[in-house]
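Below: one structure, written as structure tokens.
Numbering (my numbering), first residue to last: 144 to 490.
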């Protein structure tokens with residue numbers, strides 16, 4: 144939006160171009176802020192339809208947006224939105240849409256940066272802008288500076304650690320979920336939703352997920368994360384042996400809550416001197432092993448249920464960094480060996 148300019152009279156004026164009339168519209172006020180606010184309110188009202196109520200607050204707009212998506216988005220997504228609505232709107236929650244400016248949004252981002260991680264703020268900002276766009280609020284969202292997200296390296300097990308993991312979980316309550324994560328690369332939510340009826344002795348059908356809803360209770364969602372996530376995977380010999388010998392005490396292959404599985408697995412890793420691996424880290428480990436074995440990207444993505452290549456790219460970078468370290472060590476050892484060779488100084 145244009146900035147107010149001071150007139151010879153001492154007042155301030157903002158001129159805004161009207162695309163409909165092809166003329167400029169002027170807004171004059173005693174102060175710079177008042178002139179810019181009047182122009183902003185006109186712009187917001189100009190872009191709305193009659194059915195949009197710009198007298199509602201940001202908090203109310205976010206609530207309406209969440210309600211409009213409740214039967215479309217996953218329970219875990221709705222739960223995440225509800226957490227943001229209840230805890231993260233801060234100083235903009237009670238501001239009416241007609242009075243919201245880029246400056247207020249930037250102040251909100253700055254305030255939240257003290258308490259939230261950059262990735263979390265990006266999610267919060269995404270929800271707020273979606274709610275504002277739903278109400279046709281015409282703000283320059285690209286002008287809002289968000290904190291930079293630092294890329295975190297996933298802790299991925301190597302082949303030796305994968306072998307150790309498969310041994311330490313054997314005979315424990317997490318034998319099946321961890322073995323499935325390691326050998327098939329399933330998401331934790333997919334593993335938790337697997338039923339014995341999904342296993343035919345040769346393959347596993349993945350078509351559901353167990354996720355927390357907005358009340359933070361686990362529910363079964365009878366759809367997967369994406370169309371690519373619904374798939375059928377052949378079971379390898381190791382997993383087949385463990386599935387076939389397991390007692391079927393529940394309709395679910397792994398009746399434990401995902402949080403309980405992770406807690407038990409973390410304890411086993413710590414007890415056996417392994418890094419703090421997550422269940423998702425086993426999925427990355429599976430992908431890493433496939434790519435190291437030369438499995439084409441297309442088939443690796445199908446097996447993992449990935450609709451985008453982003454994870455595959457991350458794994459390639461991990462493999463490249465690991466290989467670079469091996470090369471450096473090999474070259475360093477070679478020079479050490481050369482230096483240690485005896486030679487005749489008289490020649």
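Ideal placement from N, C-alpha and C gives every residue a C-beta, glycine not left out.
- Cα atoms of residue 318 and residue 232: separation of roughly 42 Å, rounded to the nearest angstrom.
- According to DSSP, residue 261 shares a beta bridge with no other residue.
- Counted as a single uninterrupted DSSP element, the stretch harbouring residue 420 is not any alpha helix (DSSP H), since DSSP gives it neither H nor E.
- In this structure, the alpha-carbon of residue 153 lies about 19 Å from that of residue 168.
- Note on residue 160: under 16 other CB atoms within 10 angstroms of its CB, so exposed under the neighbour-count rule.
- Rounded to the nearest whole angstrom, the C-alpha separation of residue 451 and residue 269 is 20 Å.
- Where residue 309 is concerned, the enclosing alpha helix (DSSP H) starts and stops at 302-311.
- By the beta-carbon neighbour count (other beta carbons within 10 angstroms, threshold 16), residue 436 is exposed.
- Collapsing the DSSP output to three states places residue 299 in coil.
- In this structure, residue 376 places its C-beta atom within 8 Å of the C-beta atom of residue 346.
- Counting the other CB atoms within 10 Å of its CB gives residue 183 a total of 16 or more, which places it among the buried residues.
- Residues 235, 238 of the same chain have their beta carbon placed closer than 7 Å to that of residue 247, with the five preceding and five following residues left out of the count.
- Going by DSSP, residue 172 is part of the beta strand (DSSP E) stretching over 166-172.
- Counting only residues of its own chain and dropping the five nearest sequence neighbours on each side, residue 405 has a CB closer than 6 Å to the CB of 422.
- By the CB criterion at 8 Å, residue 372 and residue 448 fall inside the cutoff.
- Taking 8 Å as the cut-off, the Cβ atoms of residue 241 and residue 334 do not count as close.
- Residue 291 sits in coil when the DSSP states are folded into three classes, being neither helix nor strand.
- Counting only residues of its own chain and dropping the five nearest sequence neighbours on each side, residue 387 has a CB closer than 8 Å to the CB of 344.
- Excluding the 5 residues flanking it on each side, residue 320 has same chain C-beta neighbours closer than 6 Å at 334, 397, 404, in chain order.
- Residue 249 and residue 394 have their alpha carbons spaced roughly 50 Å apart.
- By the beta-carbon neighbour count (other beta carbons within 10 angstroms, threshold 16), residue 391 is exposed.
- Here residue 221 really is in contact with residue 357; their C-beta atoms are around 5 Å apart, less than 8 Å.
- Sequence-distant partners of residue 324 (beyond 5 residues in either direction) whose C-beta falls short of 8 Å from its own C-beta, in its chain, are 331, 334, 422, 425, 426, 429.
- Listed in chain order, the beta strand (DSSP E) elements of length 3 or more contained wholly in the stretch 337-377 are 346-349, 352-355, 361-364, 374-377.
- One thing to note: residue 165 has its Cβ no nearer than 8 Å to the Cβ of residue 156.
- Leaving aside the five residues that flank residue 409 on each side, the residues in its chain whose CB is nearer than 7 Å to its CB run, in chain order, 419.
- Contact check for residue 307 and residue 415: beta-carbon distance about 7 Å, within the 8 Å limit, so the pair qualifies.
- In the three-state DSSP reduction, residue 157 falls in the strand class (E or B).
- DSSP places residue 383 within a helical segment (H, G or I) once states are collapsed to three.
- Collapsing the DSSP output to three states places residue 279 in coil.
- Under the DSSP assignment, residue 323 falls in the alpha helix (DSSP H) whose first and last residues are 318-327.
- For the pair residue 285 and residue 326, the CB atoms are not nearer than the 8 Å cut-off.
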